[in-house]
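Enquirer: Sharing a structure with you now.
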Amino acid sequence: MVITGINILGVKLAGTAQTFVVIFLLVIGLMLVFGSFTGGSASNMEPFFTGGMNGYFAVLVVVPFLFVGFDVIPQSAKRSTFRPGRSASSSSSPSSSQRFGMS
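All residue numbers for the sequence shown refer to full-length UniProt numbering, where the first residue is 1 and numbers rise by one.
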C-alpha cells in the first residue's frame, strides 16, 4: 500500500524512495559480509545438508514454478492501454473498501 501511494505521487519520488531502499539493502548486505568474515566460522556450516539429498531435491522440484510470474508482467504491460490518472483512483477504491471490510 505504501509503494502504491509513492507511485501515485510521482515517478521522481518513487525513484528517490527506490534509491534509498537499495542503499539500505546494500549497507545491510555489506554488514552481513563483514560480520561473517570477522566473527564467522566455517565450522558453523557442518553439516551442510541436514536431511541428506532428499531436502535438496524437494526444493529443486519447486524452484521452476517460482519463476512463472516474472514473465507475465512485461507481457501484460506491453499490451495494456489505460489512462494512469483514472486507473489509479479506481484501483485504490476497491482495495480500501476491502481493507476496511476485513477489519
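The beta-carbon is built from N, C-alpha and C at its ideal position, and this holds for glycine as well.
Distance check for G10 and L60, CA to CA, integer angstroms please.
Expert: Cα to Cα, L60 sits roughly 40 Å from G10.
Enquirer: Report the CB separation of I6 from A17 in whole angstroms; it is logged as a contact under 8 Å.
Expert: The pair is a contact, with the Cβ atoms about 5 Å apart (cut-off 8 Å).
Enquirer: For P64, name the three-state secondary structure that DSSP assigns.
Expert: P64 falls in the helix class under three-state DSSP.
Enquirer: Straight-line CA distance for T38 to L26?
Expert: Cα-Cα distance, rounded: 18 Å.
Enquirer: Is there at least one Cβ from chain C nearer than 8 Å to S41's Cβ?
Expert: Absent from the structure is chain C; it holds one protein chain and no more.
Enquirer: May I have the straight-line CA-CA distance separating V63 from G52, to the nearest angstrom?
Expert: Whole-angstrom Cα-Cα distance: 18 Å.
Enquirer: Helix, strand or coil for T47, going by three-state DSSP, please let me know.
Expert: One point to set straight first is that residue 47 is Pro, not Thr, in the sequence displayed. DSSP places P47 in coil when its eight states are reduced to three.
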